[in-house]
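**Q**
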Amino acid sequence: MKVLFLLSLFLLLKAHAMSPGKWNEYSRHPEDNIKHLIELLSRSSTGRELLAEAKTKAEQHGKTLLDVIKPGQVSITDTTLTRRFSTSEPGSITFHEVSVVYIDKDLSTYDALLDLAHELTHYIYRQPFNPYKKDFSLQPFISSTIEGTGGEVDAYLMECRVMRELYSSEVKQRYNCQEIVDPNTSTLSRDLAINKFYRVGEHYQSFHNKLKSRNIEAPRDLSGGEPVFISSAYGLPYPVAAFYEFVSILNRVCENDKNRLSYMKENLGRSPASKGSDEVIFQNIKISYDHRCGSLDSYLALVDDSAAQR
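Just remember that my numbering sits 1353 ahead of the position in the sequence shown, which is counted from 1.
1. How big is the Cα-Cα spacing for residue 1408 and residue 1569?
2. Give me the Cα-Cα distance between residue 1574 and residue 1473, rounded to the nearest whole angstrom.
3. Would you check if the distance between the CB atom of residue 1395 and the CB atom of residue 1403 is smaller than 7 angstroms?
4. Which runs of the alpha helix (DSSP H), 4 residues or longer, sit entirely within the stretch 1505 to 1547?
5. Among the residues of its own chain, which have a CB less than 6 angstroms from the CB of residue 1607, if the five just before and after it don't count?
6. DSSP three-state call for residue 1425: helix, strand or coil?
7. Please determine, among 1505, 1588, 1488 and 1375, the residue with the shortest C-alpha to C-alpha distance to residue 1642.
8. Check residue 1451 in the structure and name its three-state DSSP category.
9. Are the CB atoms of residue 1392 and residue 1477 nearer to each other than 7 angstroms?
10. Go ahead and pull the three-state DSSP assignment for residue 1575.
11. Under 8 angstroms, with one C-beta from each stretch per pair, do the stretch 1492 to 1502 and the stretch 1421 to 1429 reach the 3-pair mark?
12. How is the alpha helix (DSSP H) around residue 1591 delimited, first residue to last?
13. Helix, strand or coil for residue 1434, going by three-state DSSP, please let me know.
14. Look up residue 1401 in the DSSP assignment and give the residues it is bridged to.
15. Comparing C-alpha positions only, which one of 1609, 1464 and 1552 sits nearest to residue 1578?
16. So, using beta-carbon positions, are residue 1512 and residue 1470 closer together than 7 angstroms?
17. Express the C-alpha separation of residue 1460 and residue 1467 in angstroms, rounding to a whole number.
18. Looking at residue 1550: is its Cβ nearer than 7 angstroms to the Cβ of residue 1582?
19. Using 7 angstroms as the threshold, is the C-beta distance between residue 1591 and residue 1500 below it?
20. List the residues that DSSP assigns as beta-bridge partners of residue 1375.
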């Protein structure tokens, strides 16, 4: 009788901890909601490893996990790259990167837990990119977003591993996780995941044409198969969403460079001693700007054309 009582109590507590209620309503105190989500994730061996690595990375930036993980409108890892240059030395630039993991405040505890595993994978492993470099281009950006280290494929595999460890009986109810299970080994397959992430459905032809118009070869796995994975930020299959994200980033970068060039031009030659070197720096930055931003208008036109068709 005592054993049955304890078992019933355990199941009741487990059901309460993973109730369909919103994770952000576990407590009236936002910090306690985050702590609760962290504690639930730590029950998974994969989750514990993720949390340990995230804690280490946060400490390297003088932060704690509670500084890094926040409730938000959508689940996303928001990385801000700040570019700094001195007005006296506009040719000298430093970059500072800050990342925050947001978890959709309206999710159930169950879904929020999986999203936390997903976003921490981005936070820990995703390779930083610098959009101000000359080699910042569309095709590598799409590839990195989807199948690069810490990209969408890795994050989803991590999410499914956590699910398997905590809710093995529920894996089959999670359709997308079943989509990336190798039928021969019953293990999660990265190759299958990559294949499914490149499915764009009805967007295939128009997206293929966009890449072709920029003389960019389509990703090797791009297909018109029914999309399995949709970006929550754009409501589009990930390759198409990555295209929109690339254009958005490029637009901001070019606007910043345009303002920087304008500032430099206004102040060019004010110091006679440095006039020659200032002109060299200005010309080098302008060449970089023309190389990076010369095609921006055509990219924006492609985006506007897509928006008009939707």
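Idealized CB from N, CA, C, for every residue including glycine.
**A** Quick look at the numbers:
1. Each residue's CA atom was taken as its position, placing residue 1408 and residue 1569 some 39 angstroms apart.
2. A direct Cα-Cα distance of roughly 26 angstroms separates residue 1574 from residue 1473.
3. If you check the CB distance, residue 1395 and residue 1403 do not come in under 7 angstroms.
4. Along the length of the stretch 1505 to 1547, whole alpha helix (DSSP H) runs at least 4 residues long occupy 1505 to 1519 and 1528 to 1532, reported in chain order.
5. Short of 6 angstroms from the beta carbon of residue 1607, and not among the five residues preceding or following it, lie these beta carbons of its own chain, in chain order: 1646 and 1649.
6. Strand at residue 1425.
7. That would be 1488, whose Cα lies nearest to the Cα of residue 1642.
8. It is a strand residue.
9. Between residue 1392 and residue 1477, the C-beta spacing is not below 7 angstroms.
10. Coil at residue 1575, not helix or strand.
11. In the pairwise beta carbon analysis, the stretch 1492 to 1502 is classified as not touching the stretch 1421 to 1429: fewer than three pairs are separated by under 8 angstroms.
12. 1591 to 1620 is the extent of the alpha helix (DSSP H) around residue 1591.
13. Assigned with DSSP and collapsed to three states, residue 1434 falls in strand.
14. Residue pairing of residue 1401 in beta bridges, as defined by DSSP: absent, with no partner found.
15. Distance from the Cα of residue 1578 is smallest, within the candidate group 1609, 1464 and 1552, for 1552.
16. Judged by beta-carbon spacing, residue 1470 lies within the 7 angstroms limit of residue 1512, meaning their Cβ atoms are closer than that value.
17. Taking the straight line from one Cα to the other gives about 10 angstroms.
18. With respect to residue 1582, residue 1550 sits close: the two C-beta atoms are nearer than 7 angstroms.
19. It is not a contact, given that the beta carbons lie outside the stated cut-off.
20. Note: residue 1375 sits in a beta bridge opposite 1461.
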